[in-house]
Amino acid sequence: MNALRKRLWGVAAYCRRNPKLLSGVSIILALVLFWLIGSLLVSPTRAASLTGLPSQPPSWQYLLGTDTHGRDLLAVMMVGTGLTLRIGFLAGAIGLGIGIILGFLSGYYGGFLDTVIKGASDVLLTVPLLVVLVVIASMIPGVISLNLMILIVASLSWMLPTRAIRAQVLTMREKAYIQVAKLSGMNNLEVIVKEIMPNLLPYLAASFVAATAGAVLASIGLSFLGLGPQHLPTLGMTIYWSISFAAMLRGMWWWWVPPTVIIAALFVGLFLLTAGLDEIANPRLRRGI
Amino acid sequence: MTISYLLKRLGFFVLVIWVAATLIFFLPRLAERNPIVERMSETAQAAGFIGEGLAEMQKDWEAKFGLDKPLWKQYQYYLRDTLRLDFGYSLAYYPAKVVDQMMRALPWTIGLFGMATLISVVLGSLAGALLAWPKAPRFLQYLLPFFLTLSAVPYYLMGLILLFLFAFTIRIFPLGGGYSVAVAPSLSFPFILDILHHSVLPGLALVLGGVGFWALQMRAMMVLGLEEDYITFAEAKGLGRKRIFLRYALRNVLLPQATSLALSLGMMISGAILVEVVFGYPGLGTLLLKAVSGFDYNLINGVVFIIIIIIAVATLLMDVLYPWLDPRITYGRRMR
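So the protein lines, in turn, are chains A and B.
The numbering of the first sequence is my numbering, which starts it at 3 and goes up by one.
The numbering of the second sequence is my numbering, which starts it at 33 and goes up by one.
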């Protein structure tokens, strides 16, 4: 018990030294809670169209008003936050997963594979990815489902993690403790999993958050062009509808302001989280605070 | 700068363009959507004609566009046409050619994006350098959280907010478009003024969205740069503050900024495209939106390809200029 308290105390003390990490985590947690608690209190079915009166301003019955299709925007925000977070986290996780595999293949084993993987990620990094995603998404027949959206976005979110992990593995590979581990009879897989991975954790976390932010950005960008999951009330699609039904000109601020605020908060939170994690991974940055 | 570096860099440029073209060619063919069939059944429905002979017509069109040939042959033709910048006819705005439509949109995008990028990089770098400079005015320190927030908010949200504040609430700027409908396009002073008036808000959205990123990055570089020995030496020599700041500190950390500019151009143009959509600005972004909503396959291909080329050319230019900016770098020779 005492040890646990000490540990918690240590975490709290660290958070005070790293306010970016603390505020980033709090913002993301607040959004997750908004989604979880919201879906307990307000029925998600109210986020479907034609379930309420159309174009109502905020009132006690509809706290954030309704849109032209009669969606309760409070419910839409709760469901939408969840959906957008899910797209971001899952696509980010897939991107990171591919990044880990390719980064290790490239950095640890090197050789011809390294040339190919490094070349591919370098080439793709200079290409504006959103437009390539537009090509993919516009050719998909029918309505784009949530899972498809996740796959589309994830398909091009592995390059940055790959590069970051490759660079770290390259320097770590030469360290003395890796040599010792090899001499003591570990095979390559054991070295990777038991020796390199634990040391990479802060970098992996930072890469994951960065990949998540990239995935959310890409999914909202696609939604802006009408290539999002059209039947789902994600935050990006809500703004898309509000633009295509001229919500701003009709004075329906309650339609576009809440998603804008939530998206902005999400990006600020993810950004602070990345900056905070960078500080853990890169102690050299600490002096700059 | 050596010839071999130049050749290598040109090779990379060609590789990027080729990979992009190949992706654009093969990715859509993984899906089963057929633009010709969709277009025909749409027109048929609009005309109230329920299709006999649609299948034969489809075959005819496919023969006309060379879609009955084997894939590698199609790929060959495609590469040849792309090399000549020939993207065929627009499907939604037939008989307009894709190239003509793109050429009409291109100057708008390049003008807006180029100016906004230039302003945001210069302003951001200067602000970031001052943030790290210990002798800078105190009030600058309070700008840091502001820049942090700015750098995290995407361009298009910034566009929405600006649109609401300065075009809808306080009506000092137009709600969208590239120029007023009432003004005839000509090379006259009022028309140019009108264009500038319309480009203020989208430009501001891009500048505000970008400036925080550049400021933060510059600040991080500057903090490290100020610890260098040559700064201490310059101070010991008794040089003026302004001279140390501009000639010694700022100049040396500008180079990494140039590198990251080359790397992030792709990200930035994605933002610019979406800002255009928000403002209905008549550039490539709005054209892409039109192409997507009309499922104009050729136009999508063309716009996407031209955007990739713009970025590839810009990156190439920056990489070629880079050794000139930084004499320490001698590409192509082994550095030890």
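Every residue, glycine too, gets a C-beta built ideally from N, C-alpha and C.
Predicted model only: the values in this text are computed from it and were never measured.
- Nearest CB-CB separation between B:VAL239 and chain A: not below the 8 Å threshold.
- Counting only residues of its own chain and dropping the five nearest sequence neighbours on each side, A:LEU224 has a CB closer than 8 Å to the CB of LEU132, LEU135, VAL136, ALA139, MET151, ILE154, VAL155, GLY230, GLY238.
- Between B:PHE45 and the set B:ALA344, B:TRP356, B:ARG112, the nearest pair of CA atoms involves B:ALA344.
- Across the set B:LEU162, B:ASP351, B:LEU111, B:ASP132, the C-alpha of B:LEU162 shows the shortest separation from the C-alpha of B:MET253.
- When the beta-carbon positions are compared, B:VAL309 and A:PHE226 come within less than 8 Å of each other.
- In terms of beta-carbon proximity, A:VAL134 lines the interface with chain B, with at least one pair separated by less than 8 Å.
- For A:GLY101 against A:SER221, the beta-carbon gap comes to about 18 Å, at or over 8 Å, which does not count as contact.
- When the beta-carbon positions are compared, A:TRP257 and A:ASP69 come within less than 8 Å of each other.
- Close partners of A:LEU227 in chain B (Cβ separation under 9 Å): ILE305, LEU306, VAL309, GLY317, LEU320, LEU321, VAL324, SER325.
- For the region 15-40 of chain A, there are no residues whose beta carbon sits under 8 Å from a beta carbon of chain B.
- Within chain A, the residues whose beta carbon sits less than 8 Å from that of B:ALA52 are VAL129, VAL134, listed in sequence order.
- Here DSSP, grouped into helix, strand and coil, assigns A:ASP280 to helix.
- When C-beta distances to chain A are compared with 7 Å, the residues of the region 328-346 of chain B below that value are ILE332, VAL336, ILE339, ILE340, ILE343, ALA344, in chain order.
- Distances from the CA of A:ALA32 to each of A:MET80, A:PRO56, A:GLN170, A:ILE142 were compared; the closest alpha carbon is that of A:MET80.
- Around A:LEU219, the beta-carbon contacts reaching into chain B at under 8 Å are PRO186.
- Between A:GLU197 and A:TYR179, the beta carbon gap of about 7 Å places them in contact (Cβ cut-off 8 Å).
- Contact check for A:ALA207 and A:SER159: beta-carbon distance about 16 Å, past the 8 Å limit, so the pair fails to qualify.
- With respect to the 8 Å criterion, B:SER220 and A:GLY228 are not classified as neighbours on the basis of their beta carbons.
- At a beta-carbon threshold of 7 Å, none of the residues of chain B lie near A:VAL155; the nearest stands roughly 13 Å away.
- Bounds of the alpha helix (DSSP H) holding B:GLU267 are 261-269.
- For B:PHE196, no alpha helix (DSSP H) encloses it, and the DSSP letter there is neither H nor E.
- By the beta-carbon neighbour count (other beta carbons within 10 angstroms, threshold 16), B:THR114 is buried.
- The alpha carbon of A:TRP62 has as its nearest neighbour, out of A:SER51, A:VAL27, A:LEU75, A:ALA50, the alpha carbon of A:LEU75.
- A residue is called buried when at least 16 other Cβ atoms come within 10 angstroms of its Cβ; A:ASN189 does not meet this threshold and is exposed.
- A:VAL125 reaches chain B at LEU47, VAL48, VAL51, counting residues in chain order whose Cβ is nearer than 7 Å.
- Taking 7 Å as the upper bound on Cβ-Cβ separation, chain B lies near residues TRP258, THR262, ILE265, ALA266, PHE269, VAL270, PHE273 of the region 253-277 of chain A.
- Counting along the chain, A:SER246 sits inside the alpha helix (DSSP H) bounded by residues 237-246.
- Shown here, A:LYS184 sits in a helix according to DSSP, grouped into three states.
- Between B:ALA281 and B:THR347 a beta carbon distance of about 27 Å is seen, past the 8 Å cut, so the two are scored as non-contacting.
- Measuring C-alpha to C-alpha distances from B:ASP118 to each of B:GLU267, B:VAL335, B:LEU357 identifies B:VAL335 as the nearest.
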